[in-house]
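Visitor:
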Amino acid sequence: MILFKRFSGKTIAYLSTMLVLIGFQLIAACNSPFTPKPRGYFKIALPEHEYQVFEKPGFPYSFEYPKYATIIQDSTYFDEQPENPYWINIDIPSLNGRIYISYNQIGGKARYKVQNKSGAYVDSFGVNTFDKLLNDSYTLSYKHSYKASSIEDSAFVSQGGINGIYFRIGGNTATANQFLLTDSSRHFLRGALYFDAAPNEDSLRPINNFLREDLKHLINTLRWKN
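Numbering of the sequence shown is given in full-length UniProt numbering, commencing with residue 1 and proceeding in unit increments.
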């Protein structure tokens with residue numbers, strides 16, 4: 001039985017030449033310049049901006065919100081009912097987003113959660129003063145400062161003549177857009193946009209930019225009822 005085939009001198013020379021050429025090609029490939037591709041994200045299909053009116057009887061405010069969103073009653077204040085029925089959530093399921101809307105009457109009764117010595121949260125009662133509500137809004141916005149790369153707050157007057165402050169928070173934070181609207185004497189409304197996703201500024205940027213237009217529309221169409 002023949003286990004090995006004897007090659008001629010010409011065949012051996014040919015094989016040697018081919019091995020040398022392959023070696024040169026491998027060396028050239030290893031030394032060629034490498035350009036890393038930028039990190040990519042899945043393309044997100046964004047809907048058209050269309051709006052509908054929220055004007056529920058008994059509510060002290062009305063506004064326009066996206067047609068691709070739904071409104072539900074907020075019941076998540078420390079696993080208890082909020083202090084009044086005018087706290088709502090605007091859910092945008094197609095984009096995994098939610099706008100939390102809280103409302104307080106200036107001068108009305110207030111229920112706060114404070115930590116006792118054991119660390120548990122207990123009820124504390126007082127009055128919703130304008131200064132207290134304003135300070136609480138700044139506290140809630142700036143609590144993200146340990147992760148934020150920047151926080152900008154801008155005062156504005158809406159198209160409906162309502163004073164407000166808009167907060168833009170940069171970095172990998174849970175929320176990048178928050179706002180408040182008030183007449184300084186009776187009404188105080190606060191909104192914050194959150195996502196049910198890992199906080200990544202780059203991947204969420206197109207959705208934040210898109211929904212920022214919806215927040216601006218909500219702000220400019222909001223009206224007090226009394």
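Glycine included, C-beta positions come from ideal geometry on N, C-alpha and C.
The structure displayed is predicted, hence computed values, not measured ones.
1. Can you tell me which of N200, L193, K225 and V114 puts its alpha carbon nearest to the alpha carbon of D214?
2. Skipping 5 residues on each side, what residues in its chain have a beta carbon closer than 6 angstroms to that of F63?
3. How is N220 classed by DSSP in three states: helix, strand or coil?
4. Got a sec: does the ligand FMN put a non-hydrogen atom nearer than 8 angstroms to the Cβ of W87?
5. So the alpha helix (DSSP H) T139 belongs to, where does it begin and stop?
6. Starting from the Cα of I92, find the closest Cα among S137, Y100 and Y86 and give me that residue.
7. Sort out for me which residues DSSP pairs H49 with in a bridge.
8. Mind the definition here: the region 149-165 touches the region 177-196 only if three or more C-beta pairs lie below 8 angstroms; say whether that holds.
9. Which of the three DSSP states is assigned to Y41 in this structure?
10. From S94 to N128, what distance separates their C-alpha atoms?
11. When DSSP labels each residue in this structure, what does R205 get in the three-state scheme?
Guide: Reading it off the structure:
1. If we check each option's Cα against that of D214, L193 comes out closest.
2. Cβ neighbours of F63 beyond the five flanking positions: F54, L218, T221 and L222.
3. N220: helix per DSSP, three-state reduction.
4. Within the structure as shown, the ligand FMN is missing, as the structure has no ligands at all.
5. For T139, the enclosing alpha helix (DSSP H) has its first and last residue at F130 to Y142.
6. When C-alpha distances from I92 are compared across S137, Y100 and Y86, the shortest belongs to Y100.
7. Paired residues: none, contrary to the question.
8. Flag = yes, the region 149-165 and the region 177-196 touch.
9. With a pLDDT of 48 at Y41, under the threshold of 50, the modelled position of this residue cannot be trusted, and the question is left open.
10. Each residue's Cα considered, the two are about 36 angstroms apart.
11. R205: helix per DSSP, three-state reduction.
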